[in-house]
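Heads up: the structure comes next, in C-alpha coordinates.
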Amino acid sequence: MCDLCAPADPETKTFDELVRLVTDHLEPQRSEIAERHMFRLRRQRAGESMTEYLQDLKHLATTCNFGTMLEENLRDQFVSGLANSAMRSRIFAEKNIKYKEAVELALALEAAERHAEQRPQVQVATRAKAYIEPGQDDYRRAAQAHGGLGATQALARTVRVQGAPLPRQLHSAGDAGSHIGQKGVVTLITTVMSATNVDI
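Here it is, written out as C-alpha coordinates:
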(Lines of atoms letter the chains of each structure in order from A; the text may use other names.)
(Lines give C-alpha, C1' and ligand atoms only; values in the text may rest on other atoms or scores of the structure.)
Protein backbone atom coordinates (compact mmCIF):
# COMPACT_ATOMS: atom_id res chain seq x y z
CA MET A 1 0.00 0.00 0.00
CA CYS A 2 2.86 2.36 0.79
CA ASP A 3 4.27 1.82 -2.70
CA LEU A 4 0.90 2.60 -4.28
CA CYS A 5 0.56 5.81 -2.29
CA ALA A 6 4.17 6.96 -2.63
CA PRO A 7 5.33 9.59 -2.21
CA ALA A 8 2.25 10.30 -0.08
CA ASP A 9 1.56 8.52 3.19
CA PRO A 10 -1.36 6.02 3.10
CA GLU A 11 -2.74 7.57 6.26
CA THR A 12 -3.34 10.81 4.38
CA LYS A 13 -5.66 9.09 1.89
CA THR A 14 -9.38 8.54 2.32
CA PHE A 15 -10.87 5.07 2.05
CA ASP A 16 -12.32 5.78 -1.41
CA GLU A 17 -8.95 7.01 -2.64
CA LEU A 18 -7.25 3.86 -1.37
CA VAL A 19 -9.86 1.67 -3.07
CA ARG A 20 -9.34 3.51 -6.36
CA LEU A 21 -5.56 3.10 -6.09
CA VAL A 22 -5.87 -0.64 -5.54
CA THR A 23 -8.44 -1.03 -8.34
CA ASP A 24 -6.30 0.86 -10.84
CA HIS A 25 -3.32 -1.28 -9.86
CA LEU A 26 -5.12 -4.62 -10.19
CA GLU A 27 -7.26 -3.68 -13.19
CA PRO A 28 -5.32 -1.14 -15.24
CA GLN A 29 -7.31 0.78 -17.83
CA ARG A 30 -7.01 -0.80 -21.25
CA SER A 31 -5.61 1.07 -24.19
CA GLU A 32 -8.40 1.92 -26.61
CA ILE A 33 -5.98 1.87 -29.54
CA ALA A 34 -4.68 -1.58 -28.56
CA GLU A 35 -8.20 -2.97 -28.11
CA ARG A 36 -9.30 -1.68 -31.50
CA HIS A 37 -6.15 -3.11 -33.04
CA MET A 38 -7.06 -6.55 -31.71
CA PHE A 39 -10.60 -6.08 -33.02
CA ARG A 40 -9.32 -5.21 -36.50
CA LEU A 41 -7.06 -8.26 -36.58
CA ARG A 42 -9.91 -10.68 -35.94
CA ARG A 43 -10.71 -12.92 -38.89
CA GLN A 44 -12.97 -15.91 -39.27
CA ARG A 45 -10.91 -19.02 -38.62
CA ALA A 46 -10.98 -22.22 -40.66
CA GLY A 47 -13.89 -24.36 -39.54
CA GLU A 48 -15.36 -21.57 -37.39
CA SER A 49 -19.09 -21.01 -37.81
CA MET A 50 -20.51 -17.62 -38.65
CA THR A 51 -22.20 -17.29 -35.26
CA GLU A 52 -19.02 -18.14 -33.35
CA TYR A 53 -17.08 -15.58 -35.34
CA LEU A 54 -19.72 -12.90 -34.80
CA GLN A 55 -20.01 -13.53 -31.06
CA ASP A 56 -16.26 -13.16 -30.57
CA LEU A 57 -16.25 -9.94 -32.59
CA LYS A 58 -19.01 -8.54 -30.38
CA HIS A 59 -17.02 -9.52 -27.29
CA LEU A 60 -13.89 -7.77 -28.58
CA ALA A 61 -15.93 -4.68 -29.42
CA THR A 62 -17.02 -4.20 -25.79
CA THR A 63 -13.62 -2.71 -24.89
CA CYS A 64 -13.21 -0.61 -28.04
CA ASN A 65 -15.44 2.28 -26.99
CA PHE A 66 -17.12 2.55 -30.40
CA GLY A 67 -20.16 4.29 -28.95
CA THR A 68 -22.79 5.10 -31.59
CA MET A 69 -20.52 3.65 -34.29
CA LEU A 70 -20.63 0.15 -32.81
CA GLU A 71 -22.85 -1.49 -35.44
CA GLU A 72 -21.01 0.15 -38.32
CA ASN A 73 -17.67 -1.11 -37.01
CA LEU A 74 -19.11 -4.57 -36.36
CA ARG A 75 -20.51 -4.69 -39.90
CA ASP A 76 -17.24 -3.63 -41.51
CA GLN A 77 -15.07 -6.05 -39.55
CA PHE A 78 -17.55 -8.91 -39.81
CA VAL A 79 -17.66 -8.71 -43.61
CA SER A 80 -13.96 -7.95 -44.07
CA GLY A 81 -12.93 -10.91 -41.94
CA LEU A 82 -15.09 -13.54 -43.63
CA ALA A 83 -13.09 -16.60 -44.66
CA ASN A 84 -15.15 -17.12 -47.82
CA SER A 85 -14.03 -14.54 -50.38
CA ALA A 86 -16.99 -15.24 -52.69
CA MET A 87 -19.39 -14.60 -49.83
CA ARG A 88 -17.55 -11.41 -48.95
CA SER A 89 -17.75 -10.17 -52.54
CA ARG A 90 -21.47 -10.95 -52.61
CA ILE A 91 -22.06 -8.73 -49.56
CA PHE A 92 -19.78 -6.02 -50.96
CA ALA A 93 -22.14 -5.82 -53.94
CA GLU A 94 -24.98 -4.66 -51.68
CA LYS A 95 -25.25 -0.88 -51.47
CA ASN A 96 -25.81 0.78 -48.08
CA ILE A 97 -26.29 -2.56 -46.33
CA LYS A 98 -26.86 -2.33 -42.59
CA TYR A 99 -25.17 -4.43 -39.92
CA LYS A 100 -28.10 -6.78 -39.33
CA GLU A 101 -28.78 -7.11 -43.05
CA ALA A 102 -25.15 -8.05 -43.69
CA VAL A 103 -25.25 -10.67 -40.95
CA GLU A 104 -28.56 -12.12 -42.18
CA LEU A 105 -27.27 -12.34 -45.74
CA ALA A 106 -24.04 -14.01 -44.63
CA LEU A 107 -25.96 -16.54 -42.53
CA ALA A 108 -28.27 -17.31 -45.45
CA LEU A 109 -25.31 -17.84 -47.78
CA GLU A 110 -23.62 -20.06 -45.21
CA ALA A 111 -26.78 -22.16 -44.79
CA ALA A 112 -27.16 -22.56 -48.55
CA GLU A 113 -23.52 -23.60 -48.89
CA ARG A 114 -23.85 -26.12 -46.07
CA HIS A 115 -27.05 -27.51 -47.57
CA ALA A 116 -25.38 -27.97 -50.95
CA GLU A 117 -22.44 -29.82 -49.38
CA GLN A 118 -24.63 -32.14 -47.32
CA ARG A 119 -27.03 -33.22 -50.03
CA PRO A 120 -26.03 -36.76 -51.12
CA GLN A 121 -26.99 -36.18 -54.74
CA VAL A 122 -28.58 -33.68 -57.07
CA GLN A 123 -32.28 -34.13 -57.58
CA VAL A 124 -32.96 -34.79 -61.24
CA ALA A 125 -36.36 -34.40 -62.89
CA THR A 126 -37.39 -35.36 -66.41
CA ARG A 127 -38.80 -32.40 -68.33
CA ALA A 128 -39.35 -33.94 -71.75
CA LYS A 129 -40.87 -37.17 -73.01
CA ALA A 130 -38.80 -40.12 -74.05
CA TYR A 131 -38.11 -40.58 -77.72
CA ILE A 132 -38.19 -44.28 -78.44
CA GLU A 133 -37.37 -46.24 -81.54
CA PRO A 134 -40.27 -47.92 -83.36
CA GLY A 135 -41.28 -51.21 -81.83
CA GLN A 136 -39.97 -50.37 -78.36
CA ASP A 137 -43.37 -50.03 -76.63
CA ASP A 138 -42.15 -51.91 -73.59
CA TYR A 139 -39.61 -49.18 -72.93
CA ARG A 140 -42.25 -46.49 -73.35
CA ARG A 141 -44.55 -48.16 -70.81
CA ALA A 142 -41.68 -48.66 -68.37
CA ALA A 143 -40.61 -45.03 -68.58
CA GLN A 144 -44.19 -43.85 -68.02
CA ALA A 145 -44.68 -46.25 -65.10
CA HIS A 146 -41.66 -44.83 -63.32
CA GLY A 147 -42.34 -41.20 -64.16
CA GLY A 148 -42.41 -40.21 -60.50
CA LEU A 149 -38.84 -41.34 -59.91
CA GLY A 150 -35.61 -39.45 -60.52
CA ALA A 151 -34.49 -39.59 -64.14
CA THR A 152 -31.54 -41.88 -63.46
CA GLN A 153 -33.69 -44.39 -61.56
CA ALA A 154 -36.42 -44.32 -64.22
CA LEU A 155 -33.91 -44.95 -66.97
CA ALA A 156 -32.30 -47.81 -65.10
CA ARG A 157 -35.63 -49.52 -64.45
CA THR A 158 -36.75 -48.96 -68.03
CA VAL A 159 -33.75 -50.84 -69.37
CA ARG A 160 -34.08 -53.63 -66.81
CA VAL A 161 -37.56 -54.39 -68.18
CA GLN A 162 -35.84 -55.68 -71.28
CA GLY A 163 -33.09 -57.40 -69.30
CA ALA A 164 -30.34 -54.98 -70.29
CA PRO A 165 -29.33 -53.27 -67.00
CA LEU A 166 -27.27 -50.11 -66.94
CA PRO A 167 -23.76 -50.05 -65.48
CA ARG A 168 -23.74 -50.31 -61.67
CA GLN A 169 -22.50 -46.73 -61.21
CA LEU A 170 -23.97 -43.75 -63.01
CA HIS A 171 -23.04 -40.23 -61.97
CA SER A 172 -25.98 -38.46 -63.59
CA ALA A 173 -29.06 -38.84 -65.71
CA GLY A 174 -26.95 -37.62 -68.62
CA ASP A 175 -24.68 -40.64 -68.22
CA ALA A 176 -27.69 -42.93 -68.21
CA GLY A 177 -29.20 -41.33 -71.30
CA SER A 178 -25.88 -41.55 -73.12
CA HIS A 179 -25.49 -45.23 -72.28
CA ILE A 180 -29.00 -46.09 -73.38
CA GLY A 181 -28.60 -44.08 -76.57
CA GLN A 182 -25.53 -46.13 -77.45
CA LYS A 183 -27.61 -49.28 -77.05
CA GLY A 184 -30.17 -47.92 -79.51
CA VAL A 185 -32.93 -48.12 -76.91
CA VAL A 186 -34.13 -44.74 -75.67
CA THR A 187 -32.95 -41.18 -75.22
CA LEU A 188 -34.32 -38.85 -72.52
CA ILE A 189 -34.00 -35.07 -72.57
CA THR A 190 -33.41 -34.06 -68.96
CA THR A 191 -32.88 -30.91 -66.98
CA VAL A 192 -31.07 -30.79 -63.65
CA MET A 193 -33.24 -29.21 -60.97
CA SER A 194 -31.50 -27.99 -57.81
CA ALA A 195 -33.36 -27.13 -54.64
CA THR A 196 -32.07 -25.12 -52.02
CA ASN A 197 -31.73 -19.14 -39.25
CA VAL A 198 -29.76 -17.69 -36.46
CA ASP A 199 -30.13 -15.00 -33.85
CA ILE A 200 -28.00 -11.92 -34.52
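Under the UniProt record's numbering, the residue at position 181 of the sequence shown is numbered 181, and the numbers go up by one with no gaps.
The beta-carbon is built from N, C-alpha and C at its ideal position, and this holds for glycine as well.
Check, Outcome
"Rounded C-beta distance between Ala46 and Ala83? I'm assuming under 8 Å.", "7 Å"
"Mapping the DSSP letters down to three states, classify Gln29 as helix, strand or coil.", "coil"
"From Tyr53 to Arg30, what does the alpha carbon distance come to, in whole angstroms?", "23 Å"
"In three-state DSSP terms, what is His171?", "Because His171 carries a pLDDT of 44, less than 50, the predicted location of this residue cannot be relied on, and the following value inherits that uncertainty. The answer is coil: DSSP assigns His171 none of H, G, I, E or B."
"How long is the line joining the alpha carbons of Arg90 and Leu105, rounded to whole angstroms?", "9 Å"
"What did DSSP end up calling Asp16 once you bin it into helix, strand or coil?", "helix"
"Closer than 6 Å by C-beta to Asn65: which residues in its own chain qualify, once you throw out the five before and the five after it? Chain order, please.", "Glu32"
"Any idea if Gln55 is buried or exposed, counting beta-carbon neighbours within 10 angstroms, 16 or more meaning buried?", "exposed"
"Within its chain, find whatever has a CB closer than 7 Å to the CB of Met87; leave out the 5 residues flanking it on each side and keep chain order.", "Ala106 and Leu109"
"Mind reading off the beta-carbon distance from Leu74 to Met38? Whole number of angstroms is fine, and I expect it under 8 Å.", "Going by Cβ atoms, the distance from Leu74 to Met38 rounds to 14 Å, so no, they are not a contact pair."
"Kindly indicate the opening and closing residues of the alpha helix (DSSP H) around Arg75.", "Leu70 to Ser80"
"Check the C-beta distance from Ala102 over to Val79 and give it rounded, since I have them as a contact under 8 Å.", "6 Å"
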